[in-house]
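Numbering (my numbering), first residue to last: 558 to 891.
What follows is a single structure, written as structure tokens, with notes after it.
Below, the structure written as structure tokens:
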């Protein structure tokens, strides 16, 4: 067995050799890095790096485009450094479009314009948006409350909502049984006396507004608008409503709300049709029917606010306000 000296000379020589090896390795790695950077500087300039990045983005874009059917097949690619002039043909133009699309971010951010809140309401709208501005301004204003002696009583409104809900259930049950061919409700399919042509000649709700106006409000209310020959309004019987699908009932409800808003008066036939259609429209309401229901509530509230004495129209207005506002809960959005 070899013996090591005890004076520590071996340990010192070992540590010295390790330090020399470490310094030699550090110099070698530094020289490699410098040489690599030098070679990269000779062979790759920033423009080449950008080209590689652009090629990668283009490949990603092509992968995304491969998921969708390609409308126009574009061959080749466009190099802006090789051909910076205007496109020579349609295919060259499409290659440039694809090159720009590959470098366009998927999400663009834009800062909102600075608007002085104090001056926002004082700006005069342009002639193209003046009508829309007045319309939206009118919608934002809440309707004027009715006189206290004409306002619907909250207790009565609660009782009405309960009764109206029960009516909707009964009507839905009758219409369902009639569609299934139940003989006990077959009389709803028969034409009423004095209006033999109405149930068999019901027009499409989404296509013939003039004919529906004659049926709902009478021929005198739609003279010159393609009247279908009726001299009096037709009552909203289930024999008529049962011939319409859910979309037709919603469209007819929207028609009646629009007619009421234009007439500025709630006649008895109009109130009957709006109430009857309210019992058959689907719930929850779709967007268009909800907008019409809200318009109905605003119109009836405005008409009721202009009243001074209690009459039959006040009763009709109160019923429709309770239907649209309390049952369909549109008073929370007005």
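Note that CB positions come from ideal geometry on N, CA and C, so glycine has one too.
All values reported here derive from a predicted model rather than from experimental measurement.
Pull up the distance between the alpha-carbon of residue 752 and that of residue 791, whole angstroms please.
Walking along the chain shown from the start, residue 752 turns up at place 195. Walking along the chain shown from the start, residue 791 turns up at place 234. Residue confidence for residue 752 is low, a pLDDT of 44 falling below 50, so the modelled location carries little weight; the figure read from the coordinates is stated next. Distance between the alpha carbons of residue 752 and residue 791 is about 7 Å.
Where the alpha helix (DSSP H) through residue 724 begins and ends:
Here residue 724 refers to the residue found at position 167 when the chain shown is read from its first residue. Run containing residue 724: 711-736, per the alpha helix (DSSP H) assignment.
In or out: residue 804 buried (at least 16 other Cβ within 10 Å) or exposed?
Residue 804 sits at position 247 when you count from the first residue of the chain shown. Result: exposed.
Expressed to the nearest angstrom, what Euclidean distance is found between the alpha-carbon atoms of residue 766 and residue 651?
Reading the chain shown from its first residue, position 209 is the one you call residue 766. Reading the chain shown from its first residue, position 94 is the one you call residue 651. So the two alpha carbons sit approximately 48 Å from each other.
Report all residues from its chain with a CB closer than 6 Å to the CB of residue 700; omit the five preceding and five following residues, and keep chain order.
In the chain shown, counting from the first residue as 1, residue 700 sits at position 143. For residue 700, where only same-chain residues beyond five positions count, the Cβ hits under 6 Å are 855, 858, 859.
Is residue 836 closer than 9 Å to residue 725 when the C-beta atoms are compared?
Indexing the chain shown from 1 puts residue 725 at position 168. Indexing the chain shown from 1 puts residue 836 at position 279. Taking 9 Å as the Cβ cut-off, residue 725 and residue 836 qualify as a contacting pair.
Use the C-beta contact count for residue 885: other C-beta atoms within 10 angstroms, 16 or more gives buried, fewer gives exposed.
Numbered from 1 along the chain shown, position 328 holds the residue referred to as residue 885. By the neighbour-count rule (16 or more Cβ atoms within 10 Å), residue 885 is buried.
Residues in the same chain with beta-carbon distance under 8 Å from residue 834, minus the five sequence neighbours each way, listed in chain order, please.
Position 277 of the chain shown, counting from 1, holds the residue named residue 834. Only 793, 798, 806, 809, 810, 813 meet the Cβ criterion.
Is residue 653 helix, strand or coil by DSSP?
Residue 653 sits at position 96 when you count from the first residue of the chain shown. Looking at residue 653 - three-state DSSP - the assignment turns out to be helix.
Taking the alpha helix (DSSP H) that residue 797 falls in, what are its first and last residues?
Position 240 of the chain shown holds residue 797. Run containing residue 797: 795-798, per the alpha helix (DSSP H) assignment.
In three-state DSSP terms, what is residue 641?
Position 84 of the chain shown, counting from 1, holds the residue named residue 641. Note: residue 641 maps to coil in three-state DSSP.
For residue 832, the first and last residue of its enclosing alpha helix (DSSP H)
Your numbering for residue 832 matches position 275 in the chain shown. Run containing residue 832: 825-835, per the alpha helix (DSSP H) assignment.
Using CA atoms only, rank isn't needed, just tell me which of 889, 874, 887 is closest to residue 709.
As a first step, residue 709 must be located in the chain shown, where it is residue number 152. Out of 889, 874, 887, 874 has the C-alpha closest to the C-alpha of residue 709.
Nearest to residue 636 by alpha carbon, out of 646, 653, 889, 706?
In the chain shown, residue 636 corresponds to position 79, counting from 1. Here the closest residue by C-alpha is 653.
Leaving out five residues on either side along the sequence, give the residues of the same chain with a beta carbon under 7 Å from the beta carbon of residue 633.
As a working note, residue 633 is residue 76 in the chain shown. If we look at residue 633 and ignore the five residues flanking it on each side, its Cβ neighbours are 652.
If you count every other CB in all the chains shown that lies within 10 Å of the CB of residue 668, and 16 or more means buried, which is it?
The sequence position of residue 668 within the chain shown is 111, counting from 1. Exposed.
Which residue wins for smallest C-alpha separation from residue 816, given the options 719, 706, 773, 861?
As a first step, residue 816 must be located in the chain shown, where it is residue number 259. Per the Cα distances, 773.
By a C-beta neighbour count over all protein chains shown, 10 Å radius and 16 as the cutoff for buried, is residue 590 buried or exposed?
The residue labelled residue 590 in the question sits at position 33 within the chain shown. Its pLDDT being 45, under 50, residue 590 is placed unreliably in this model, and the value from its coordinates should be taken loosely. Exposed.
Assign residue 708 to one of three DSSP states: helix, strand, or coil.
Start at 1 with the first residue of the chain shown, and residue 708 comes out as number 151. Here residue 708 sits in coil by DSSP.
Decide if residue 883 is buried, meaning its Cβ has at least 16 other Cβ atoms within 10 Å, or exposed.
Working through the chain shown from its first residue, we reach residue 883 at position 326. Residue 883 is buried by the Cβ-count criterion.
Is residue 714 near residue 879, with beta carbons less than 9 Å apart?
On the chain shown, position 157 is the one that residue 714 refers to. On the chain shown, position 322 is the one that residue 879 refers to. Yes; because the gap between Cβ atoms is below 9 Å, this pair is in contact.
Just to confirm before moving on: does the CB-CB distance between residue 881 and residue 702 stay below 9 Å?
As a position in the chain shown, residue 881 is number 324, starting the count at 1. As a position in the chain shown, residue 702 is number 145, starting the count at 1. Not closer than 9 Å, so no.
Through-space distance from residue 869 to residue 823, alpha-carbon basis
Counted from its first residue, the chain shown places residue 823 at position 266. Counted from its first residue, the chain shown places residue 869 at position 312. Going from the Cα of residue 823 to the Cα of residue 869 covers about 10 Å.
Please classify residue 920: does DSSP put it in a helix, a strand, or coil?
Outside the modelled stretch of the chain, which goes from 558 to 891, sits residue 920, for which no answer is possible.
Determine the burial state of residue 887: buried for a count of at least 16 other Cβ atoms within 10 Å of its Cβ, exposed for fewer.
In the chain shown, residue 887 corresponds to position 330, counting from 1. When all chains shown are included, residue 887 counts as buried.
Cutoff 8 Å; reference residue 871; Cβ partners in own chain excluding five residues on either side
As a first step, residue 871 is located in the chain shown; it is residue number 314 there, counting from the start. Counting only Cβ-Cβ distances below 8 Å, and skipping sequence neighbours, we find 707, 861, 864.
Going by beta-carbon coordinates alone, are residue 889 and residue 852 separated by less than 9 Å?
Start at 1 with the first residue of the chain shown, and residue 889 comes out as number 332. Start at 1 with the first residue of the chain shown, and residue 852 comes out as number 295. Their beta carbons are not under 9 Å apart, which means residue 889 does not touch residue 852 by this criterion.
Would you report the Cα separation of residue 802 and residue 665, rounded to the nearest angstrom?
Numbered from 1 along the chain shown, position 245 holds the residue referred to as residue 802. Numbered from 1 along the chain shown, position 108 holds the residue referred to as residue 665. Going by the C-alpha atoms only, they are around 44 Å apart.
Pick out whichever of 658, 840, 648 has its Cα sitting closest to the Cα of residue 631.
Translated into positions along the chain shown, residue 631 becomes position 74. Among 658, 840, 648, the Cα nearest to that of residue 631 is on 648.
Helix, strand or coil for residue 774 per DSSP?
Within the chain shown, the letter at position 217 stands for residue 774. Residue 774 falls in the helix class under three-state DSSP.
With DSSP run on the structure shown, which of helix, strand or coil describes residue 877?
Here residue 877 corresponds to residue number 320 of the chain shown, with the count starting at 1. Three-state DSSP puts residue 877 in a helix.
Is the distance from the Cβ of residue 528 to the Cβ of residue 795 below 9 Å?
What the structure shows of the chain is the stretch from 558 to 891, and residue 528 is not part of that stretch, so it cannot be assessed.
So, at 8 Å on beta carbons, what are the nonlocal neighbours of residue 722 in its own chain, with the 5 sequence-adjacent residues on each side left out?
Mapped onto the chain shown, residue 722 falls at position 165. 884, listed in sequence order.
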